[in-house]
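Scroll down for the structure; my scribbles are underneath it.
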Amino acid sequence: MNSGYILGIDTSNYRTSIAVVDAAGTIIIDKRILLRVKKGERGLRQSEALFQHVENLPELFDILADKKLNIEAVAVSNKPRPIEGSYMPCFKAGCGVGKAIAHTLNVPCFQFSHQEGHIEAIKHYSSLKEIKSFLAWHLSGGTCELLKVTEENIEIVGGSKDISFGQVIDRVGVLLEMNFPAGEEMDSHALQESHCDEKRQKELSKIKLDGLFFNLSGIETQCSRLLQSSAYKEGKADESLLIRELFDKIAETIVSVSQCAAEQLNMTDIMFSGGVSCSQYISTKIKKALKNKEFNIEFGRQELSGDNAVGIALLGGKRLWQ
12 MNSGYILGID TSNYRTSIAV VDAAGTIIID KRILLRVKKG ERGLRQSEAL
62 FQHVENLPEL FDILADKKLN IEAVAVSNKP RPIEGSYMPC FKAGCGVGKA
112 IAHTLNVPCF QFSHQEGHIE AIKHYSSLKE IKSFLAWHLS GGTCELLKVT
162 EENIEIVGGS KDISFGQVID RVGVLLEMNF PAGEEMDSHA LQESHCDEKR
212 QKELSKIKLD GLFFNLSGIE TQCSRLLQSS AYKEGKADES LLIRELFDKI
262 AETIVSVSQC AAEQLNMTDI MFSGGVSCSQ YISTKIKKAL KNKEFNIEFG
312 RQELSGDNAV GIALLGGKRL WQ
């Protein structure tokens, strides 16, 4: 077994992350800093994200100062998706630092897409580790895609045609005066016990499917209008019940598309990655709905579903040692 380590760096539009793994995939370091978003804002401009990464990276690397690690390669995320033309300026921060470190240590610097990192972070620690082809949901703040993953290719086969589930959740959360990103706080509200939920008249329409694809701007508009109505402004309506209904619609859509895709593509292994799949409420709903189906559902280590550099580091190890 190789005794060296791989350093991974990921600078997404939400977090600055570094990770160190060994040849066995053991996580030695996993550090992340959430990018700051002003109250009421629904995200960051790329210039702001890039600036914060430049500030955060030196702070994250302080943890390496007292560790004597034989870094044999550096791996960085260089773009959102593994296709030609995929680009976001925020990844320039991690690429630049990663290349500089690799040159200084005289070791290779490998580049992978942010999406590939998300998939590997879940896959490596799951029952799908040795599976060559499977379906994967990438459900993050800016991505809502169902992917057919093979050794040769990652192909979009379903998902949203406009905004993502993460964007809907964050935008509704901001309207409720929550901090951005709002997923964790929204999830807490959805999990709250309620004795009147079953008797409550549903307020949101079902998300309509177009094959394996769908649009989400409609349900976002519905939520926005409801929250601006007098019933919600005057505190006569329960916001937690609306959040729960929204999460129910999200889970139902994911389940329906997953079942259709599995049947159409004759694939029974389905993996979930990205921050939205961290939701305890949504993931529990999905697991329950698909429990008795002939599918192998994998959420892996859900603490690795959000943006992190672990998957990028693991990919670097594969490139170097396999």
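Residues in the sequence shown are numbered from 12 upward in steps of one, following my numbering. Where is the CB? At the ideal position from N, CA and C, for every residue including glycine. Note that the coordinates shown come from a computational prediction; the quantities given were computed from them, not determined experimentally.
_Just verifying my parser: in three-state terms, what is the DSSP assignment at Arg236?_
Looking at Arg236 - three-state DSSP - the assignment turns out to be helix.
*Between which two residues does the alpha helix (DSSP H) containing Ile106 stretch?*
The displayed chain sequence assigns Cys, not Ile, to residue 106. Segment Phe102 to Leu116, the alpha helix (DSSP H) holding Cys106.
_Helix, strand or coil for Leu18? Go by DSSP, reduced to three states._
Under the three-state reduction of DSSP, Leu18 is assigned to strand.
_Residue of Lys134, Ser290, Lys260 and Ser151 minimising C-alpha distance to Asp280_ = When only C-alpha atoms are compared, the closest one is Lys134.
*Answer with buried or exposed for Pro69, where buried requires no fewer than 16 other C-beta atoms within 10 angstroms of its C-beta.*
Burial call: exposed.
*Check whether the Cβ atoms of Gly184 and Met197 lie closer than 8 Å to each other.*
Yes; because the gap between Cβ atoms is below 8 Å, this pair is in contact.
_I need the DSSP call for Asn67, collapsed to helix, strand or coil._
Asn67 falls in the helix class under three-state DSSP.
*Relative to the C-alpha of Leu276, which residue among Thr161, Ser14 and Lys90 is closest?*
The residue with the shortest Cα to Cα distance from Leu276 is Thr161.
*Closest by C-alpha distance to Phe145, when choosing among Val321, Ser269, Leu326 and Asn303*: Among Val321, Ser269, Leu326 and Asn303, the Cα nearest to that of Phe145 belongs to Ser269.
*For the candidate residues Ile254, Glu141 and Lys299, whose alpha-carbon lies nearest to that of Leu238?*
Measuring from the Cα of Leu238, the nearest candidate turns out to be Ile254.
*Start and end of the alpha helix (DSSP H) containing Ile265?*
Judged by DSSP secondary structure, Ile265 falls within the alpha helix (DSSP H) whose first and last residues are Glu250 to Leu276.
*Kindly indicate the opening and closing residues of the beta strand (DSSP E) around Phe176.*
Careful: Phe176 lies outside any beta strand (DSSP E), inside the alpha helix (DSSP H) at Phe176 to Leu186.
*Alpha carbon to alpha carbon, how far is Lys143 from Asp73? Give it in angstroms, no decimals.*
Straight-line Cα distance between these residues: approximately 38 Å.
*Check His125 in the structure and name its three-state DSSP category.*
Look at His125 here: in three-state DSSP terms it is helix.
*Please name the residue, chosen from Glu141, Tyr136 and His129, that lies closest to Cys155 on a Cα-to-Cα basis.*
Relative to the Cα of Cys155, the nearest Cα in the group Glu141, Tyr136 and His129 belongs to His129.
_Contact check, Ile165 vs Leu158, beta carbons under 8 Å_ = Yes.
*Leu157: first and last residue of the uninterrupted alpha helix (DSSP H) it sits in*: It is not in any alpha helix (DSSP H) - Leu157 instead sits in the beta strand (DSSP E) that spans Cys155 to Val160.
*Determine the extent of the beta strand (DSSP E) in which Ile39 is found, giving its start and end residues.*
For Ile39, the uninterrupted beta strand (DSSP E) run begins and ends at Ile38 to Leu45, by DSSP.
*Looking at the structure shown, is Phe306 part of a helix, part of a strand, or coil, going by DSSP?*
Residue state, collapsed to three classes: coil.
_Three CB pairs or more closer than 8 Å across the region 104-119 and the region 75-94_ = As far as the Cβ criterion goes, the region 104-119 touches the region 75-94, which means the pair count is three or higher.
*asked:* Could you compute how far the alpha carbon of Ile261 sits from the alpha carbon of Ser175?
replied: Rounded to whole angstroms, the gap between the alpha carbons of Ile261 and Ser175 is 10 Å.
*asked:* Please state the DSSP three-state secondary structure of Met99.
replied: In the structure shown, Met99 sits in coil (DSSP, three-state: anything other than H, G, I, E or B).
*Cβ of Asn67 within 8 Å of Cβ of Ser14?*
In this structure, Ser14 does not lie closer than 8 Å to Asn67 by Cβ.
*asked:* Out of Glu52, Leu315, Ala272 and Tyr16, which one is the CA nearest neighbour of Gly222?
replied: Per the C-alpha coordinates, the member of Glu52, Leu315, Ala272 and Tyr16 positioned closest to Gly222 is Ala272.
_Whole-number beta carbon distance between Ala324 and Gly19, since they are thought to touch under 8 Å_ = At roughly 3 Å, the Cβ-Cβ gap stays under 8 Å, so Gly19 and Ala324 are in contact.
*Buried or exposed: where does Lys299 fall if 16 or more other Cβ atoms within 10 Å of its Cβ makes it buried?*
Exposed.
*So which of Gly169, Ala248 and Pro119 has the shortest CA-CA distance to Gln212?*
The candidate whose alpha carbon is nearest that of Gln212 is Ala248.
*For the alpha helix (DSSP H) that contains Leu83, what are its first and last residues?*
According to the sequence provided, residue 83 is Glu. The question's Leu does not apply to it. For Glu83, there is no enclosing alpha helix (DSSP H); the residue is found in the beta strand (DSSP E) stretching over Ile82 to Lys90.
*Secondary structure at Ser316, three-state DSSP: helix, strand or coil?*
Coil.
*asked:* Can you find the residues in the same chain that come closer than 8 Å, C-beta to C-beta, to Glu231, ignoring five residues on each side of it along the sequence?
replied: Around Glu231: Ile174, Gln178, Val179, Arg182 and Val183.
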